[in-house]
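One point on numbering: in this note's numbering, the residue at position 58 of the sequence shown is 58, and numbering is uninterrupted.
Right, one structure below, let's go through it.
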Amino acid sequence: MIDQSHNIEPKIEAMIQSVVNVQTAYAKALLVDRAALREAQEAGDVLGAYRVLQAAYETDVRSLLAEARVRQGRDPDPIAAFRASGYAERVAGERATTRVAPTEASSGYPGA
1 MIDQSHNIEP
11 KIEAMIQSVV
21 NVQTAYAKAL
31 LVDRAALREA
41 QEAGDVLGAY
51 RVLQAAYETD
61 VRSLLAEARV
71 RQGRDPDPIA
81 AFRASGYAER
91 VAGERATTRV
101 APTEASSGYP
111 GA
């Protein structure tokens with residue numbers, strides 16, 4: 001579950017960015033040299049284990065993730081694709097045109 005507060009950022013774009021961040025973290029986790037990490041852990045080498053994890057964490061995986069998206073037939077930049085789709089503006093426009101005036105029954109006027 002992703003819990004977000006959409007006070008400043010646009011709601012859907014913030015969610016897309018969160019998903020991209022999860023993908024980035026997962027890709028970096030896959031880059032961890034597990035054998036080297038295990039070796040450092042078994043030797044009690046805290047700094048060595050930290051360095052193994054840091055090497056994966058510091059790797060820039062953006063181009064790798066973009067390529068993976070392209071291979072799946074998706075846009076390499078999810079936020080740019082969302083913005084280019086015009087979805088947010090279209091939905092906002094639809095909401096504005098589908099608002100219904102309050103009925104007499106829901107207006108709170110006597111006799112309603």
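Note that the Cβ used here is the ideal one computed from N, Cα and C, for glycine as well.
Asked: Three-way DSSP call (helix, strand, coil) for Asn-150 in this model; Found: The first residue shown for the chain is 1 and the last is 112, placing residue 150 beyond what the model contains.
Asked: Ala-96 burial status per 10 Å Cβ neighbour count (16 or more: buried); Found: exposed
Asked: Contact check, Ala-36 vs Leu-64, beta carbons under 8 Å; Found: no
Asked: Between the CA atoms of Val-22 and Leu-53 - distance to the nearest angstrom; Found: 17 Å
Asked: Cβ-Cβ separation, Ala-29 to Leu-40 (assumed contact under 8 Å), whole Å; Found: Sequence inspection shows Ala at residue 40; the Leu mentioned does not correspond to that position. Actually they do not touch by this definition, with Cβ atoms about 17 Å apart.
Asked: C-beta contact flag for Val-20 and Ala-56 at 8 Å; Found: no
Asked: Spatial distance of Asp-77 from Thr-59 (CA atoms); Found: 19 Å
Asked: Nearest-angstrom beta carbon gap, Phe-82 and Glu-9 [assumed within contact, 8 Å]; Found: Incorrect: roughly 13 Å between the Cβ atoms, too far for contact.
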